[in-house]
Amino acid sequence: MFDIKKPEFKFLVLFIPLIIFWFFFYHYLYKIDEILGLQFDSLTEFSKLLSSQSNFILSIFNFNTSTEIHEEIVVTKILDYPFSHGVWIGEPCNGVKIFGLFTIFIISFNGSWTNKLWYIPLGILILHLFNIVRISILTYISAVDPFILDFNHNITFQLITYSAMLGLWYLWILKFSSFKLNEKKKLNTF
Numbered sequence: 157m158f159d160i161k162k163p164e165f166k167f168l169v170l171f172i173p174l175i176i177f178w179f180f181f182y183h184y185l186y187k188i189d190e191i192l193g194l195q196f197d198s199l200t201e202f203s204k205l206l207s208s209q210s211n212f213i214l215s216i217f218n219f220n221t222s223t224e225i226h227e228e229i230v231v232t233k234i235l236d237y238p239f240s241h242g243v244w245i246g247e248p249c250n251g252v253k254i255f256g257l258f259t260i261f262i263i264s265f266n267g268s269w270t271n272k273l274w275y276i277p278l279g280i281l282i283l284h285l286f287n288i289v290r291i292s293i294l295t296y297i298s299a300v301d302p303f304i305l306d307f308n309h310n311i312t313f314q315l316i317t318y319s320a321m322l323g324l325w326y327l328w329i330l331k332f333s334s335f336k337l338n339e340k341k342k343l344n345t346f
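Laid out in structure tokens, this is it:
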């Protein structure tokens, strides 16, 4: 019934438990500092880092920006526009969820661990850079035309971000996974 040697089966056997674990862990990730008794909120600190990086991009274009902290939410805004409420950076907009999904897919799919150990951090870095640009553009949109902010946040950049992640997955499958190598071996046996 099930051929446990098939790569699809191996993928699902690893992917499903990891994704379930990730979503349970992700739920508690925002309380991990409290659970461990740490004096700082690491995810808020990560959102502050993302805000300062996005503000740096905007400063290249001569925009004056600020970062405000409201409990667990970081707000980045352009100061020269008085009615701009800025962009709120928190869960899941800081990218941590997509980093986990990307990592789980690469871990679950066939390929050497040597390649996985460099490809996962590189992929997370690329996704993080996409997120910096995304937040910079959304901050600009919130200042210039806030009426189109929701559409761009919920549709445009969701498509771009998930397309980038799918592109990285596709690159992994084509170039680095052993799945492609197995197919070539099968083709050569005919």
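Going by this note's numbering, the first residue of the sequence shown is number 157, and it counts up by one from there. Think of the CB as a built atom: it goes at the ideal place given N, C-alpha and C, for glycine as much as any other residue. None of these values were measured; they are calculated from a predicted model.
On the CB-based measure, 16 or more other CB atoms within 10 Å of its CB, does residue i come out buried or exposed?
i, result
"W269", "exposed"
"F261", "buried"
"H183", "exposed"
"F181", "exposed"
"K233", "buried"
"F313", "buried"
"A274", "Before going further, note that residue 274 is Trp rather than Ala in the sequence given. W274 should be labelled exposed."
"Y318", "exposed"
"H226", "exposed"
"N218", "exposed"
"G256", "buried"
"L327", "exposed"
"L294", "buried"
"L322", "exposed"
"I177", "In the sequence on display, residue 177 carries Phe and not Ile. Under this definition F177 is an exposed residue."
"V252", "buried"
Going by DSSP, name the residue or residues bridged to residue i.
i, result
"K233", "S222"
"I175", "Its beta-bridge partners do not exist; DSSP assigns none."
"I245", "V230"
Spatial neighbours of residue i within its chain, please: CB distance less than 8 Å, with the 5 preceding and 5 following residues excluded, ordered by chain position.
i, result
"P302", "F239, S240, H241"
"T345", "Annotation note: pLDDT 48 at T345 (below 50); position unreliable, coordinate value reported separately. Excluding positions up to five away in sequence, the list is empty."
"N220", "I234, L235, D236"
"I304", "I297"
"V230", "T200, S203, K204, L206, S207, T223, E224, W244, I245, G246"
By Cβ distance, which residues of its chain are closer than 6 Å to residue i, with the 5 residues on each side in sequence left out?
i, result
"I263", "none"
"T200", "E228"
Does DSSP put residue i in a helix, a strand or coil?
i, result
"G193", "coil"
"G251", "coil"
"P163", "helix"
"S240", "coil"
"F181", "helix"
"F202", "helix"
"S333", "coil"
"F212", "helix"
"F376", "One cannot answer for residue 376 here, as it falls past the ends of the chain, which runs 157 to 346."
Which residues in the same chain have their Cβ closer than 7 Å to the Cβ of residue i, if we skip the five residues on either side of it in sequence?
i, result
"F332", "G267, N271, Y275"
"V289", "I213"
"F167", "S264, F265"
Legend entry - Ranges of the alpha helix (DSSP H) found wholly within the segment 260-331, counting only runs of at least 4: 269-300, 313-327
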